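Participant: Residue 57 in numbering that gives the first Met the number 0 sits at position 58 of the sequence shown, with consecutive numbering throughout.
Glycine is no exception: its CB is placed at the ideal position from the N, C-alpha and C atoms.
None of these values were measured; they are calculated from a predicted model.
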Amino acid sequence: MTQVDNTVTATADTIPADTIATASQIILVRHGLPGGPAVADPSLGAEGVAQAQRLAEWLRAEPVAQFVSSHYARAHETALLAAQPHALKVHVDKRLREWDSDRTTYATPEAIAATPRGKAFAEGRYDEFIPDYDKIATAARMRVAVTEAAERAPGQLTVIVSHGGVINTLLTDILQAPSPFFFNPGYTSMTRVAVLRSGRFVIQSVNETAHLR
């Protein structure tokens with residue numbers, strides 16, 4: 000009797016192309032507006048909760064495979080609210096923390112508007128708002144965290160709730176821009192990045208806020 004070998008050998012025709020269409024899709028979200036006392040790790044304020052709820056409604060029809068957030072309360076609470084329509088748990092990754100994780104108090108840029116740093120922020124002089132810090136190390140930990148999230152849901156959509164500074168740093172690293180900060184992400188704004196199987200990151204949109212209108 001003749002035996003038939005049904006083994007399929009992978010070829011260039013059978014392996015999906017490494018394109019944006021087949022890539023893992025990432026939505027990077029800045030947390031909602033914090034409120035309450037000026038502690039190092041504030042929770043969301045009432046407005047921040049409303050922002051996160053609007054985000055949740057916007058994402059309701061999206062095929063989200065997983066939600067990931069930093070361990071900071073403002074990011075984790077935003078992710079928990081956004082994940083409710085999907086009945087998904089939130090994976091916490093401390094590498095998604097903000098760049099200034101060593102400070103003992105937290106103040107929004109709006110709260111320091113009258114200070115030199117606040118004025119620099121309002122005028123778009125972001126290099127003067129963000130002090131010197133290790134951009135390379137921050138970008139590296141963000142890349143690893145996002146890559147590992149993409150690997151857990153290959154070819155699917157992942158929502159990552161993080162912070163404005165480190166989202167900026169990741170994007171400027173992708174763009175190979177000298178400054179670690181180039182835009183002011185709105186609260187619960189969405190930035191889309193495709194992660195190809197090769198590991199290449201492709202920016203698809205920045206600072207989407209239509210859900211807040």
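1. Looking only at its own chain, which residues have a Cβ that is under 7 Å from the Cβ of Ser-204, when we skip the five neighbours before and after it?
2. Tell me whether the beta-carbon of Leu-174 lies closer than 8 Å to the beta-carbon of Ala-22.
3. Assign Tyr-132 to buried or exposed, taking buried as 16 or more other Cβ atoms, counted over all protein chains shown, within 10 Å of its Cβ.
4. Exposed or buried, which one is Gly-47 when buried takes at least 16 other CB atoms within 10 Å?
5. On the CB-based measure, 16 or more other CB atoms within 10 Å of its CB, does Ser-68 come out buried or exposed?
6. Using alpha carbons as the reference points, say which of Gln-50, Thr-171 and Ala-81 lies closest to Ala-60.
7. Name, in chain order, the residues that DSSP records as bridge partners for Met-189.
8. Could you tell me the boundaries of the beta strand (DSSP E) in which Ala-81 lies?
9. With Ala-64 as the anchor, note down where its alpha helix (DSSP H) starts and where it stops.
10. Do Ala-121 and Ala-112 have their C-beta atoms within less than 8 Å of each other?
11. Give the range of the alpha helix (DSSP H) segment to which Ile-135 is assigned.
12. Do Arg-73 and Leu-43 have their C-beta atoms within less than 8 Å of each other?
13. Name the two residues that bound the continuous beta strand (DSSP E) containing Leu-156.
14. Taking just the CA atoms, how far does Ala-16 sit from Arg-94?
15. Which two residues bound the contiguous alpha helix (DSSP H) that contains Val-48?
16. Which value, in whole angstroms, describes the spacing of the CA atoms of Gly-164 and Arg-212?
17. The beta strand (DSSP E) with His-90 in it runs from where to where?
18. Does Gln-19 come out as helix, strand or coil in the three-state DSSP assignment?
19. Quick one: what does DSSP say Phe-180 is sitting in, helix, strand or coil?
20. Can you check whether the CB of Ala-136 is closer than 8 Å to the CB of Asp-92?
21. Can you tell me where the alpha helix (DSSP H) with Pro-115 in it begins and where it stops?
22. Could you check if Glu-147 is buried or exposed, using at least 16 other CB atoms within 10 Å of its CB as the buried criterion?
Facilitator: Checking against the coordinates, here is how it stands:
1. Position 205 of the sequence shown, counted from the start, is the residue given in the question as residue 204. Closer than 7 Å at Cβ, skipping near neighbours: Thr-190 and Arg-191.
2. Numbered from 1 along the sequence shown, position 175 holds the residue referred to as residue 174. Numbered from 1 along the sequence shown, position 23 holds the residue referred to as residue 22. No, these two residues do not count as a Cβ contact at 8 Å.
3. One-based indexing of the sequence shown puts residue 132 at position 133. By the 10 Å Cβ count, Tyr-132 comes out exposed.
4. Translated into the one-based positions of the sequence shown, residue 47 becomes position 48. Around the beta carbon of Gly-47, 16 or more other beta carbons lie within 10 angstroms, which makes this residue buried.
5. Reading the sequence shown from its first residue, position 69 is the one you call residue 68. By the neighbour-count criterion, in which 16 or more other beta carbons inside 10 Å mark a residue as buried, Ser-68 falls on the buried side.
6. Taking the first residue of the sequence shown as 1, we reach residue 60 at position 61. Of Gln-50, Thr-171 and Ala-81, the residue nearest in Cα terms is Ala-81.
7. Within the sequence shown, residue 189 is the residue found at index 190, counting from 1. Answer by DSSP bridge pairing, in chain order: Val-28 and Glu-207.
8. Taking the first residue of the sequence shown as 1, we reach residue 81 at position 82. Per DSSP, Ala-81 belongs to no beta strand (DSSP E); it is in the alpha helix (DSSP H), 72-82.
9. Counting from one through the sequence shown, the residue named residue 64 turns up at place 65. Not the alpha helix (DSSP H): Ala-64 falls in the beta strand (DSSP E), residues 63-68.
10. As a working mapping, residue 121 is identified with position 122 in the sequence shown. As a working mapping, residue 112 is identified with position 113 in the sequence shown. Yes, the pair counts as a contact, with Cβ atoms nearer than the cut-off.
11. Counting from one through the sequence shown, the residue named residue 135 turns up at place 136. Secondary structure note for Ile-135: its alpha helix (DSSP H) is the uninterrupted segment 134-151.
12. The sequence position of residue 73 within the sequence shown is 74, counting from 1. The sequence position of residue 43 within the sequence shown is 44, counting from 1. In this structure, the beta-carbon distance from Arg-73 to Leu-43 falls below 8 Å.
13. Residue 156 sits at position 157 when you count from the first residue of the sequence shown. Boundaries of the beta strand (DSSP E) around Leu-156: 156-161.
14. In the sequence shown, the residue the question calls residue 94 occupies position 95. In the sequence shown, the residue the question calls residue 16 occupies position 17. Roughly 30 Å separates the two Cα atoms.
15. What you label residue 48 is simply residue 49 of the sequence shown in a count that begins at 1. Run containing Val-48: 45-58, per the alpha helix (DSSP H) assignment.
16. Counting from 1 along the sequence shown, the entry for residue 164 is found at position 165. Counting from 1 along the sequence shown, the entry for residue 212 is found at position 213. Gly-164 and Arg-212: Cα-Cα distance of roughly 24 Å.
17. On the sequence shown, position 91 is the one that residue 90 refers to. Following the DSSP letters along the chain, one finds His-90 inside the beta strand (DSSP E) bounded by residues 89-91.
18. If you number the sequence shown from 1, residue 19 lands on position 20. It should be noted that the sequence gives Ile, not Gln, for residue 19. In this structure, Ile-19 counts as helix in the three-state DSSP scheme.
19. The sequence position of residue 180 within the sequence shown is 181, counting from 1. Under the three-state reduction of DSSP output, Phe-180 falls in the coil class, being neither helix nor strand.
20. By 1-based counting over the sequence shown, the position of residue 92 is 93. By 1-based counting over the sequence shown, the position of residue 136 is 137. It is not a contact, given that the beta carbons lie outside the stated cut-off.
21. Residue numbering aside, residue 115 sits at position 116 when the sequence shown is read from its first letter. Here the alpha helix (DSSP H) through Pro-115 covers 115-121.
22. Taking the first residue of the sequence shown as position 1, residue 147 is located at position 148. So Glu-147 ends up on the exposed side.
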